[in-house]
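Peer 1: I am attaching a structure below and will ask some questions about it afterwards.
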Amino acid sequence: MRVERVAYDHPDAMKLNDAVQLEYAERYGDGGDITPLDPGMFEPPRGVYLIAYEDDGRPVATGGWRTQNRNDEGYADGDAEIKRMYVVPEARGRGLARRILAALEDDARAAGRTRMVLETGMMQPEAIGLYSSSGYELVEKFGLYRFEPASRCYARPL
Numbered sequence: 121m122r123v124e125r126v127a128y129d130h131p132d133a134m135k136l137n138d139a140v141q142l143e144y145a146e147r148y149g150d151g152g153d154i155t156p157l158d159p160g161m162f163e164p165p166r167g168v169y170l171i172a173y174e175d176d177g178r179p180v181a182t183g184g185w186r187t188q189n190r191n192d193e194g195y196a197d198g199d200a201e202i203k204r205m206y207v208v209p210e211a212r213g214r215g216l217a218r219r220i221l222a223a224l225e226d227d228a229r230a231a232g233r234t235r236m237v238l239e240t241g242m243m244q245p246e247a248i249g250l251y252s253s254s255g256y257e258l259v260e261k262f263g264l265y266r267f268e269p270a271s272r273c274y275a276r277p278l
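Numbers in this note's numbering are just positions in the sequence shown, counted from 1, shifted up by 120.
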């Protein structure tokens, strides 16, 4: 297993993004996450995008962070926001999400970010379990989905 830094619009990233969007659509009964994302948001030092690859070269997990600062959507100066954490179903239960999360935290800390934040939803109990067991705590809602009842926002100091 290897974890590589890639561009958000890399073909493997796009493939995994399509898969996570399908899962969001199935779980929430909608068209997936409509948060506007641009590849430039994940370019160092403003962010990073990672993919975990099996030894045979198959991409199996992904995640990224992007810089956020105080704005009218409820972010704070120094925030690093996690986006597109995903592990393909056949690779779940092997600690890949935890490995990606730790790498994202390390990278954001090295970039001078002071708090890691994320938004997830009630229909993603596995994500809630991962973040809660990794020291993330519920915080006041922020971002695009801050007014959605099923939305949950978490943060952890870096």
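For every residue, glycine included, the Cβ atom is placed at its ideal position computed from N, Cα and C.
On the DSSP letters alone, give me the boundaries of the alpha helix (DSSP H) that Arg113 sits inside.
Peer 2: The structure shown does not extend to residue 113, since the chain spans only 121 to 278, so no value can be given for it.
Peer 1: Quick one: any contact between the segment 137 to 144 and the segment 206 to 216, if contact means 3 or more CB pairs under 8 angstroms?
Peer 2: yes
Peer 1: Quick one: is Leu216 buried, meaning 16 or more other Cβ sit within 10 Å of its Cβ, or exposed?
Peer 2: On the sequence shown, residue 216 is found 96 positions in, with the first residue counted as 1. Buried: at least 16 other Cβ atoms inside 10 Å.
Peer 1: Tell me, please, which residues DSSP counts as bridged to Pro277.
Peer 2: Start at 1 with the first residue of the sequence shown, and residue 277 comes out as number 157. BP columns for Pro277 point to Arg235.
Peer 1: For a minimum of 3 consecutive residues, which ranges assigned as the beta strand (DSSP E) are wholly contained in the segment 125 to 194?
Peer 2: 167 to 173, 179 to 188
Peer 1: Check the C-beta distance from Leu157 over to Tyr128 and give it rounded, since I have them as a contact under 8 angstroms.
Peer 2: The residue labelled residue 157 in the question sits at position 37 within the sequence shown. The residue labelled residue 128 in the question sits at position 8 within the sequence shown. Confirmed, about 7 angstroms.
Peer 1: With a Cβ-Cβ cutoff of 8 angstroms, do Leu278 and Met236 count as a contact?
Peer 2: For the purposes of this step, residue 278 is taken as residue 158 along the sequence shown, with counting starting at 1. For the purposes of this step, residue 236 is taken as residue 116 along the sequence shown, with counting starting at 1. Result yes, Cβ atoms of Leu278 and Met236 sit closer than 8 angstroms.
Peer 1: Using the beta-carbon count (16 or more within 10 Å), is Phe162 buried or exposed?
Peer 2: The residue given as residue 162 occupies position 42 in the sequence shown. The residue in question, Phe162, is buried, as its Cβ has 16 or more Cβ neighbours within 10 Å.
Peer 1: In this structure, how does DSSP classify Ala211 when only helix, strand and coil are distinguished?
Peer 2: Taking the sequence shown and counting its residues from 1, the one referred to as residue 211 is at position 91. If DSSP states are grouped into helix, strand and coil, Ala211 belongs with the helices.
Peer 1: Under a Cβ-count criterion, where at least 16 other Cβ atoms within 10 Å of its own Cβ denotes burial, should Leu258 be classed as buried or exposed?
Peer 2: Here residue 258 corresponds to residue number 138 of the sequence shown, with the count starting at 1. Looking at its Cβ environment, which holds fewer than 16 other Cβ atoms inside 10 Å, Leu258 is exposed.
Peer 1: Let me know the secondary structure DSSP gives Tyr279 once reduced to three states.
Peer 2: The requested residue 279 is not part of the displayed model; the chain covers only 121 to 278.
Peer 1: Evaluate Asp176 with the Cβ neighbour count: other Cβ atoms within 10 Å of its Cβ, from every protein chain shown; 16 or more gives buried, anything less gives exposed.
Peer 2: The residue given as residue 176 occupies position 56 in the sequence shown. Flag for Asp176 reads exposed.
Peer 1: Kindly indicate which three-state DSSP category Glu257 falls into: helix, strand or coil?
Peer 2: Counted from its first residue, the sequence shown places residue 257 at position 137. Note: Glu257 maps to strand in three-state DSSP.
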